[in-house]
Amino acid sequence: MNMDELKQEEDALRQRVTALPVEKRKAYYALEKTRIKDPDNYAVLNYFFVAGLHHFYLGKTLFGFLNLIGMLIGLLFIETFGIFIFLAIIVIELPQLFRSQRIVYRYNNNVMRQTLEDVESQSLAS
């Protein structure tokens, strides 16, 4: 999805939130505040710490551990093949740096959708 499509999706989700009754809307915003992620934080973690911290930020622990282990192996063997590991990680991660806004927008839209479902299902359970 491009940024325009992601923004349209966000607008549609925001309209659904606005249509909620006041109490459900308050519950939604309280949940959303704890779940939503900042694109700038993701980009900074990606840019300054190629060790995979940006994956941990979005809850993708497997990718985070793979990056972290790769960086540690690269550091241990820097004099032999470690530089190639660093270069491979940079080649893989660099496109994510340029797409960080879209990646986090998509993540946040999914969080909004899930939070809406959680709030709507809480009211049905009550």
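Per this note's numbering, the sequence shown runs over residues 15 to 140.
Just so you know, even glycine gets a beta-carbon here, dropped at the ideal spot from N, CA and C.
What you are looking at is a predicted structure, and each value in this text was computed from that prediction instead of being measured.
State the start and end residues of the unbroken alpha helix (DSSP H) segment that holds residue i.
i: D25; result: M17 to T32
i: K51; result: Where K51 is concerned, there is no enclosing alpha helix (DSSP H), given that its DSSP letter is neither H nor E.
i: P109; result: I97 to F112
i: I83; result: T75 to L90
i: L67; result: L67 to Y71
Measuring only the C-alpha atoms, how far is residue i from residue j?
i: D132; j: R28; result: 15 Å
i: F70; j: L80; result: 11 Å
i: K40; j: G73; result: 25 Å
i: F77; j: G66; result: 7 Å
i: S135; j: N122; result: 20 Å
i: E46; j: E93; result: 46 Å
i: E24; j: L59; result: 24 Å
i: T129; j: Y43; result: 9 Å
i: V118; j: F95; result: 33 Å
i: A33; j: M17; result: 24 Å
i: L82; j: D52; result: 22 Å
i: L108; j: N55; result: 16 Å
In or out: residue i buried (at least 16 other Cβ within 10 Å) or exposed?
i: M15; result: exposed
i: N124; result: exposed
i: L36; result: In the sequence as presented, Leu is not what sits at residue 36; that position holds Val. Counting Cβ neighbours within 10 Å, V36 comes out exposed, since fewer than 16 surround it.
i: I99; result: buried
i: L101; result: exposed
i: M126; result: buried
Just tell me which of the options has its CA closest to the CA of residue i.
i: A57; options: Y42, M85, Q115 and E37; result: Q115
i: Q110; options: L90, T129 and Y61; result: Y61
i: I106; options: D52, L90 and G84; result: G84
Could you tell me whether any non-hydrogen atom of the ligand MN is closer than 7 Å to the CB of residue i?
i: I97; result: This structure simply doesn't include the ligand MN, nor any ligand for that matter.
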